[in-house]
Every structure is written in structure tokens, then in C-alpha cells.
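A quick write-up on the structure given underneath.
What follows is the structure, given as C-alpha cells:
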């Protein structure tokens, strides 16, 4: 399958509500301190209550780049996703490392399709990556790092980056991924 390995996982960029975008899992970042009040945390909690974040809380203490796969089922809540992959991000590593860790965890969990928010482009904008372009470059680098080791036995086939209500960021991500 050597001819196909470079195109997987397929990357898609859409605008919308990440909790309403069907996927096996949402992959997102959380901090190690349990202060989970960002936009994506709120969206997940509005759709599913504390079903996923409570699983992350049981794994404390957490450290940078820890990964928690929180299990659920879209039948049990109002979202279109089944599970959540939390990557601990204490702003100690490049964003590419966060993306890579999440993609790797999704693949290891056997997920075929994940959705990803615009990490470090909301409340954390400018803290590590100084510009939106820099954040996008790091997201692309994390995906490319994952793709570099991709084999035909990998489960992950598609990742959808979901941008909430920001056409400029949607276009920036599409451009970054060459879409």
C-alpha cells in the first residue's frame, strides 16, 4: 500500500460546532491543574456534561504530554462524538508535539476519524505561538510528523479540524494544509 500511505490520514478543515461534527473522538488539549474552562471544554461539557472531564480528573496528577482517552458514547449525550482524547498541555512543548501525541493516541485506540479544534488559537493565543500563522504551522508539523511514520496497518484514516465561527482562521488552516 505504498502509494496510499502519504495521503492518510486525510485532513479536512470545516467551520462549525466540533461537538456536532460526527467522529470517533474529539482530540483536544487540557492543562494538568484541572482548570478546564476553555471554549472546547465548555462545548464538550454542554454536550455531554462531565462524562469525559471526570475521567481525566481520575488520572490526576497529570503532567505535560500525558494523554487520557476518555470513553463515552454519542447515544448517551447530545454530541456527535463518542470519545475524547485529552492531551495535557502545560505550554512546555511545541504545539506540534501536542498534535502528534493526540494523533498517535487516536491511532493506538483504533479510531478511524477524529475531530480537532484550533488548539492555542483561543484563550491561549499568542502565549507560545506568537501568531495564528505560527500556530497553524505547528499544527501542520504535528500532522506531518505523524504521517511520516504512517503505515497501512494504522487505524486513523481522517482528521477534521473544526473552526468555530471564524472564516479567516478556517481559510488560514486550509491554506496551511494545502487544501
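Numbering (the numbering used here), first residue to last: 6 to 184.
Glycine is no exception: its CB is placed at the ideal position from the N, C-alpha and C atoms.
Since we're looking at a predicted model, the values are computed, not measured.
Through-space distance from residue j to residue i, alpha-carbon basis
| i | j | result |
| --- | --- | --- |
| residue 80 | residue 46 | 19 Å |
| residue 144 | residue 117 | 19 Å |
| residue 157 | residue 77 | 27 Å |
| residue 3 | residue 40 | Not covered by the structure: residue 3. The range shown for the chain is 6 to 184. |
| residue 68 | residue 92 | 10 Å |
| residue 177 | residue 26 | 20 Å |
| residue 37 | residue 184 | 34 Å |
| residue 148 | residue 60 | 26 Å |
| residue 180 | residue 141 | 9 Å |
| residue 146 | residue 32 | 16 Å |
| residue 139 | residue 66 | 30 Å |
| residue 174 | residue 137 | 8 Å |
| residue 97 | residue 114 | 25 Å |
| residue 63 | residue 13 | 33 Å |
| residue 90 | residue 159 | 17 Å |
Residue i in three-state terms, based on DSSP
| i | result |
| --- | --- |
| residue 94 | coil |
| residue 67 | coil |
| residue 75 | strand |
| residue 183 | coil |
| residue 109 | helix |
| residue 100 | helix |
| residue 23 | helix |
| residue 17 | strand |
| residue 151 | helix |
| residue 119 | strand |
| residue 46 | helix |
Contacts around residue i, its chain only, beta-carbon distance under 6 Å, and the 5 residues preceding and following it disregarded
| i | result |
| --- | --- |
| residue 17 | 165 |
| residue 83 | 52 |
Whole-Å CB distance - residue i paired with residue j, under 8 Å assumed
| i | j | result |
| --- | --- | --- |
| residue 94 | residue 103 | 5 Å |
| residue 111 | residue 161 | 5 Å |
| residue 163 | residue 15 | 5 Å |
| residue 187 | residue 28 | With the chain running from 6 to 184 in the structure shown, residue 187 is simply not present. |
| residue 88 | residue 30 | 4 Å |
Beta-carbon proximity list for residue i, same chain, < 7 Å, skipping 5 on both sides
| i | result |
| --- | --- |
| residue 50 | 58 |
| residue 122 | 23, 33, 45, 167 |
| residue 133 | 96, 100, 125 |
| residue 182 | 16, 18, 145 |
Test: residue i CB closer than 9 Å to a CB of chain B
| i | result |
| --- | --- |
| residue 78 | In summary, chain B is missing from the structure at hand, where a single protein chain is found. |
Assess contact between the segment 120-129 and the segment 40-56, defined as three or more Cβ pairs (one per stretch) separated by less than 8 Å. Is contact present?
They touch, by the three-pair rule.
How do the segment 152-162 and the segment 59-75 stand: do at least 3 beta-carbon pairs fall below 8 Å, yes or no?
No: the two stretches stay apart, fewer than three of their Cβ pairs being nearer than 8 Å.
At least 3 beta-carbon pairs within less than 8 Å: the segment 166-174 vs the segment 20-40:
The segment 166-174 makes contact with the segment 20-40; the number of CB pairs closer than 8 Å reaches 3 or more.
Taking one C-beta from the segment 54-62 and one from the segment 103-110 each time, how about it: are there three or more such pairs within less than 8 Å?
Contact between the segment 54-62 and the segment 103-110 is absent: fewer than three C-beta pairs spanning the two stretches fall below 8 Å.
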